[in-house]
Amino acid sequence: MRIAVCPGSFDPITFGHVDVVRRALTMFDEVVVAVAANTSKNPLLTPERRVALATEVVADLPGARVGLVPGLLADYLREVGACAVVKGLRGPSDIDAEVPMALMNRHLSGVETVFLAGDQSLIHIASSLVKDVARYGGRIDDLVPAPVARAVREALADEGRR
Ligand code: PNS
19 MRIAVCPGSF
29 DPITFGHVDV
39 VRRALTMFDE
49 VVVAVAANTS
59 KNPLLTPERR
69 VALATEVVAD
79 LPGARVGLVP
89 GLLADYLREV
99 GACAVVKGLR
109 GPSDIDAEVP
119 MALMNRHLSG
129 VETVFLAGDQ
139 SLIHIASSLV
149 KDVARYGGRI
159 DDLVPAPVAR
169 AVREALADEG
179 RR
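This is how it looks when you write it as structure tokens:
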């Protein structure tokens with residue numbers, strides 16, 4: 019059983035993430051979409067909401083499941099018995115950000131990271147941009163699955179009421 023972990027903040031999960039999970043499923047028996055904390059980001063959605071949305075979105079992908087990383091990704095990799103981390107790359111700036119994390123995760127766990135080039139038609143999609151577009155009333159329905167679009171709009175409306 020070859021298990022890969024696809025980690026990220028998933029704040030929120032986008033069509034770009036789903037594309038990477040689909041590609042990873044062609045190479046691994048099981049792909050765990052692992053929702054983790056990124057200390058350099060201030061999330062819009064709670065970890066539980068991000069897990070719930072990701073679970074709904076990958077429900078129709080056989081072999082995919084969702085987990086919550088309570089601490090270090092390296093510890094989680096051991097816990098689930100992962101043989102690889104899978105990350106999508108949209109361009110050079112992703113490489114700059116991802117390679118140090120891949121090296122640190124290998125140092126801590128011995129697990130290699132596999133980088134997959136994202137689909138050309140989706141590489142403009144970033145969770146941060148999705149939130150920004152939605153925040154200013156732009157259309158996000160072709161960037162994220164429908165339940166995610168609704169959740170982002172609701173979370174932004176709640177934020178506005180606070
Ligand atoms: O989607 P992101 O924000 O680029 O994903 C980064 C993430 C969440 C995968 C990374 O910050 C992470 O692994 N967080 C868990 C804590 C951890 O292990 N930190 C050390 C990373 S080398």
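Heads up: the sequence shown runs through residues 19 to 180, numbered per the working numbering. Using N, Cα and C, we set each Cβ at its ideal position, and we do this for glycine too.
**Study point:** Proximity to L107 [Cα-Cα], best of I31, D137, D176
**Key:** By 1-based counting over the sequence shown, the position of residue 107 is 89. Of the listed residues, the one whose Cα sits closest to L107 is D137.
**Study point:** Integer-rounded CB distance, given that P25 should sit under 8 Å from V87
**Key:** Looking up residue 87 in the sequence shown gives position 69. Looking up residue 25 in the sequence shown gives position 7. With a Cβ gap of about 7 Å, V87 and P25 count as contacting.
Exercise for review: Sort out for me which residues DSSP pairs P25 with in a bridge.
Suggested key: Residue mapping note: residue 25 aligns to position 7 of the sequence shown, counting from 1. A52, per the DSSP bridge assignment.
**Study point:** Run of the beta strand (DSSP E) containing G106, from where it starts to where it stops
**Key:** Taking the sequence shown and counting its residues from 1, one reaches residue 106 at position 88. Per DSSP, G106 belongs to the beta strand (DSSP E) from 102-107.
Check your understanding: Taking a cut-off of 5 Å, which residues have a beta-carbon closer than that to any heavy atom of the ligand PNS, in chain order?
Key -> P25, G26, S27, A54, N56, L90, L91, M119, M122
Point to revise | Short Cβ contact (8 Å threshold) for V162 with F28 | key: The residue you call residue 162 lines up with position 144 of the sequence shown. The residue you call residue 28 lines up with position 10 of the sequence shown. Result no, Cβ atoms of V162 and F28 do not sit closer than 8 Å.
Review point. By Cβ distance, which residues of its chain are closer than 8 Å to T131, with the 5 residues on each side in sequence left out?
Key: For the purposes of this step, residue 131 is taken as the residue at position 113 of the sequence shown. Correct list, in chain order: A102, V103, V104, K105, E116, M119, A120, N123, R124.
Review point. With I158 and A152 assumed to form a contact (beta carbons below 8 Å), what rounded beta-carbon distance in angstroms separates them?
Key: On the sequence shown, residue 158 is found 140 positions in, with the first residue counted as 1. On the sequence shown, residue 152 is found 134 positions in, with the first residue counted as 1. 5 Å between Cβ atoms; contact.
Point to revise | 8 Å contact criterion, which V39 and L91 should meet: CB distance rounded | key: As a working mapping, residue 39 is identified with position 21 in the sequence shown. As a working mapping, residue 91 is identified with position 73 in the sequence shown. Their Cβ separation, rounded to whole angstroms, is 16 Å, which puts V39 and L91 out of contact at 8 Å.
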